[in-house]
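What follows is one structure encoded as structure tokens, with my remarks underneath.
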Amino acid sequence: MIFASRWLLPIDRPPLERGWIETDGGTIVRLGSGPPPGPATDLGNAALLPGLVNAHTHLELSWLRGRVPPAGSFIEWLRTLLAVRGRGALPALPEQLQAMRAGIEEARATGTVLVGDISNTLVTPALLASAGMSAVVFHELLGFNVVDATTVVAEARSRLRRVLADARAHAADGVGLRGRVVAHAPYSVAPDLFRRIARLSDDDAPLSVHVGESVEELELLRVGTGPMRALLEDLGVWTDRWQPPGTGPVAWLDTLGYLQPGTLAVHAVHLDESDIDRLVERDAVVVICARSNVWVGTGLPRVSHLYAAGARIAIGTDSLASVGSLNMFDELTELRRVAPDVTAASLLESATRTGAEALGAGDRYGTLAPGKAAALVAVDVPAGVRDVEEYLVGGVPPEAIRPVPT
Ligand SMILES: [Zn+2]
């Protein structure tokens, strides 16, 4: 099949005007500009680009869409989330599953082709498989007062392997599902649990962790007090075995061996210069979820500074408990708003190539290149637009986004 469109965005080079791309059996064969080499489907005045990569979401929380309002502080949001989940008003499983399916469908319909999905319960791999959405499933552990980390991690790992094998058996050709056991956050995971998870080295997916999300997390790590400690006590998980490291979260993760090449450092809102330098030195990937940060009241990461510092940056929506949609173009719009000096090309690269590489799928996704998956998205562009990259990060209406069936 050959598709022609006004603009073609390979991502690894500047946009091609009047571009075309040839695919065969779901794989890109060749691409170029000018007259197509054969009969082509004309997508019209559209931009054709590789499908987007949502590097951080929690699909299993999709039933919380609209149920946890924006908050003035992270602790306020977190306490509301826990209350909503614990109120006994939990919807029945079929309703939860339906919300997850709708979340996956929303992501797909708005051009996402690969997700980094955080899963505590492991109900999502089967849904991802049946929806044909490729994913890295991060089986996330919490455990502030865990005693036997070795057993906890071993059990989680065999659970993940079993669930992924089962999901893969039901997945269509070309749908990739990989996974890894990961830790939730410095304020919810015991040091020993971090160390155990970090030591598992033969998994084919990166580590991931929420880091530097809130000032409450920083206070806990520095001095062991504050609203986060109060929450841990209220939850009955506080233990005096846990001693504050007296450092920032990035240094703490580094001490624990968790900051490895490719580790996804999600949020990175409250980081100082040395934290950011260390992330760059360790070749970690920062995953920015800017709309979620605003929703939960943490403030925004220093997006422009992170780009200027040379950090590898991917983008995630986070869950529908803290964001209004799973549409990655909405995320790009927010990043354009908060980081007007970052080029549109850089933002688009984060949403495609860097995300794909971060999830270990750079060989199939993230750019338009021969041999990669023909996972394409077309976006209708108004006739007068000259700078197509800027247009794509400036607020694309959802109805203009069309996944291209190949
Ligand atoms: Zn998250």
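Residue 261 in my numbering sits at position 235 of the sequence shown, with consecutive numbering throughout.
We put the beta carbon where it would ideally sit given N, CA and C, even for glycine.
**Message:** To the nearest angstrom, how far is the alpha carbon of residue 497 from that of residue 179?
**Reply:** Beyond the ends of the chain as shown, which are 27 and 432, falls residue 497; an answer cannot be given.
**Prompt:** Secondary structure at residue 204, three-state DSSP: helix, strand or coil?
**Reply:** strand
**Prompt:** Is the stretch 313-332 touching the stretch 61-70 in the sense that three or more CB pairs, one from each, lie closer than 8 Å?
**Reply:** no
**Coarse secondary structure for residue 197, derived from DSSP in three states** = coil
**Request:** Jot down the residue ranges of each uninterrupted alpha helix (DSSP H) in the stretch 380-416, minimum 4 residues, whole runs only, in chain order.
**Result:** 381-384
**Check whether residue 87 and residue 347 have beta carbons under 8 Å apart** = yes
**Prompt:** Assuming residue 337 and residue 305 make a contact with CB atoms under 8 Å, what is their CB distance in whole Å?
**Reply:** 6 Å
**Request:** Go ahead and pull the three-state DSSP assignment for residue 58.
**Result:** strand
**Request:** With a 10 Å radius around its C-beta and 16 neighbouring C-beta atoms as the bar for buried, classify residue 389 as buried or exposed.
**Result:** exposed
**Residues of its chain near residue 131, where Cβ-Cβ distance is below 8 Å and the 5 sequence neighbours each way are ignored** = 157
**Message:** Let me check understanding here. Comparing Cα to Cα, which of 34, 27, 91 lies closest to residue 352?
**Reply:** 91
**Item:** Check: residue 292 C-beta below 7 Å from any heavy atom of ligand 1
**Value:** yes
**Request:** To the nearest angstrom, report how far apart residue 195 and residue 148 are at their CA atoms.
**Result:** 16 Å
**For residue 52, the three-state DSSP class (helix, strand or coil)** = coil
**Prompt:** Regarding residue 236 and ligand 1, is the C-beta to nearest heavy atom distance less than 7 Å?
**Reply:** yes
**Asked** Okay, do the stretch 161-176 and the stretch 95-102 touch, 3+ Cβ pairs below 8 Å being the bar?
**Response** no
**Asked** Comparing the CB of residue 88 with every heavy atom of ligand 3, is any distance shorter than 7 Å?
**Response** Inclusion of ligand 3 in the displayed structure is not the case, the ligand content consisting of ligand 1 alone.
**Asked** For ligand 1, any of its heavy atoms closer than 7 Å to the Cβ of residue 144?
**Response** yes
**Prompt:** Between the stretch 396-409 and the stretch 40-54, do three or more beta carbon pairs fall short of 8 Å?
**Reply:** yes
**Asked** Roughly how many angstroms separate the alpha carbons of residue 416 and residue 363, rounded to a whole number?
**Response** 12 Å
**Asked** Do you know whose CA, among 335, 331, 298, 293, lies nearest residue 320's CA?
**Response** 293
**Request:** Compute the minimum distance between the beta carbon of residue 84 and the heavy atoms of ligand 1, and state whether it is under 7 Å.
**Result:** yes
**Completely contained beta strand (DSSP E) runs for the stretch 272-337, where each covers 3 or more residues** = 290-293, 311-314
**Item:** residue 356 versus residue 77: straight-line alpha-carbon distance, rounded
**Value:** 15 Å
**Request:** Give a single yes or no on whether residue 345 has its beta carbon closer than 7 Å to a heavy atom of ligand 1.
**Result:** yes
**Item:** residue 282 and residue 221 closer than 8 Å at C-beta
**Value:** yes
**Item:** Residues sharing a beta bridge with residue 435, DSSP
**Value:** The first residue shown for the chain is 27 and the last is 432, placing residue 435 beyond what the model contains.
**Request:** Grab me the residues of residue 146's own chain with a C-beta within less than 6 Å of its C-beta, minus the 5 sequence neighbours each way, in chain order.
**Result:** 166
**Paired residues, beta bridge with residue 80 - DSSP** = 141
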